[in-house]
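Heads up: take any position in the sequence shown, counting from 1, add 76, and you land on this note's numbering. Before any comments, here is the structure.
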Amino acid sequence: MFKPHAALALVLCTSLATPTLLAQPKKDPPAAKAEEAATPAPLAESLTGDAKSEYEAGRILYQDGDYAGAKLKFERAYDLSKDARLLWNVAAAEKNLRHYSKVIRALERYLAEGGDTISDEDRADAERLIQTVSEFVTKVRFDVNEPGATVTVDADDVGQTPIADPVLVDMGRRTIKATKTGFKDASVKQDLPGGEEVTIKLKLEAIVHEGRVRVLAGVGDTIAIDGKVVGKNTWQGKLDSGVHTLSVTGKGKRPYQGDIIVQDDQLTSTNIALEPIAPPPAAAKDDGIAWPWFVGGAALAAGLGVGAYLLFKPDDETAPPTVPGTLDPGTVQLRFW
């Protein structure tokens, strides 16, 4: 089994440099036949198939300094074999990646699942390492106002609210975020000192789909939104996102009605200038000229009649006697009402 216990413990307690890999444990001498039956075989011997291939690849990557790749290979070997001893190797890789909280979690699983595959010495080493690494992590409690929110630390998912127990988080400046559908994300950046317990509060606010609207109208003009009067001259306020009906009216002006589109967190501004209503055309006036022309026309017609009679009457026609108080024969008398 690849197990740098002593080297890793020493490094964690001093400079946190990369631990030196230890060779595989030597096989027991023939004299220890009685104890061999009770001792599990080393990983290199007990693993088979793909699990063994992944384990061997992890060892090579670890020795080459690719701790992230080694961790993935050890985890894959564990998934295939469920041999808890591989969790020690995962913890060793996480330590060199400075993922101290993950070191503790891997070692706690190692102790819980190891059973008879790990010795008392192995358990003591793991417990000592957990105690040492604990100085480099902070126990964080999350106080979030909404249940069912997902909490992440530096993009790593740590659970959904409510989270009853404190979560181990690596020391340093961390970004803690809570997200939930229908709510604005809540996040905070905080320096975590390590070796302490802190509480971080996050408040989620429901997303309101609304925007701001500003209407500029003429002096004295009335502004209405969706049939409701909201002000005169100018108006500014918030409306639900979507389409709304804007109406502007003013005395002696043509009314305006149209749609405005409101978008989330956006300002919609419109300027409405109403057109004045033109006055109706004035009625025609009697200038006193038409009637005299009519009267004069009638008189002219009568005169023409008299002239024609005088021109064409026979020469031998005797003029009738003049009768006092009457008009001459042939004279047309006009009557006026």
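Beta carbons are placed, not taken as given, at the ideal position from N, Cα and C, and that holds for glycine. Since the model is a prediction, treat every value here as computed from it, not as a measurement.
- Taking the CA atoms as reference points, Thr226 sits about 20 Å from Arg249.
- Within the same chain, Cβ atoms closer than 7 Å to the Cβ of Ile353 are found at Gly328, Lys329 and Arg330, the five residues on either side in sequence being excluded.
- Considering only Gly145, Asp140, Ser210 and Val338, the residue with the shortest C-alpha distance to Leu244 is Ser210.
- Taken through DSSP and simplified to helix, strand or coil, Thr208 comes out as helix.
- Beta-bridge partners of Leu244 (DSSP): Lys215.
- The way I'd put it, the region 155-166 does touch the region 113-128; three or more beta-carbon pairs between them come closer than 8 Å.
- In the displayed model, Asn347 falls within a strand according to three-state DSSP.
- In the structure shown, the three-state DSSP call for Asp159 is coil.
- The Cβ-Cβ distance between Ala293 and Leu350 falls below 9 Å.
- Excluding its 5 nearest sequence neighbours in each direction, Val229 has C-beta neighbours in its own chain below 6 Å: Val245, Arg250 and Ile252, listed in chain order.
- Between the region 191-204 and the region 171-178, the count of C-beta pairs closer than 8 Å stays below three; the two stretches do not touch.
- Glu272 sits in coil when the DSSP states are folded into three classes, being neither helix nor strand.
- A Cβ-Cβ contact shorter than 9 Å links Met247 with Thr214.
- Annotation for Gly318: the continuous beta strand (DSSP E) segment containing it runs Gly318 to Thr325.
- By the neighbour-count definition (other C-beta atoms within 10 Å, threshold 16), Lys277 is an exposed residue.
- By the C-beta density criterion, Leu205 is buried, having at least 16 other C-beta atoms within 10 angstroms.
- Using a Cβ distance threshold of 9 Å, Val306 and Gly313 count as a contacting pair.
- Exposure of Asn309 is indicated by the presence of fewer than 16 other C-beta atoms within 10 angstroms of its C-beta.
- Annotated three-state conformation of Gly134 is helix, per DSSP.
- Taking all protein chains in view, the Cβ of Lys279 is surrounded by fewer than 16 other Cβ atoms within 10 Å, so the residue is classified as exposed.
- Comparing alpha-carbon positions, the option among Val166, Phe150 and Ser195 lying closest to Ala127 turns out to be Phe150.
- Between Val216 and Pro242 the beta-carbon gap is near 6 Å, inside 8 Å, which marks them as a contact.
- Under the DSSP definition of a beta bridge, Gly235 partners with Val227.
- Ranking Asp192, Gly258 and Gly224 by CA distance to the CA of Val284 puts Gly258 first.
- Taking the CA atoms as reference points, Gly224 sits about 27 Å from Ser317.
- Nearest to Thr115 by alpha-carbon distance, out of Asp340, Leu268, Ile194 and Glu273, is Ile194.
- By the Cβ-count criterion, Leu343 is exposed, with fewer than 16 other Cβ atoms from all chains shown falling within 10 Å of its own Cβ.
- As computed with DSSP, Ala254 is found in a beta bridge with Val227 and Ala262.
- For Thr310, DSSP records a beta bridge to Leu292.
- Per DSSP, Val284 lies in no beta strand (DSSP E) segment and is marked neither H nor E.
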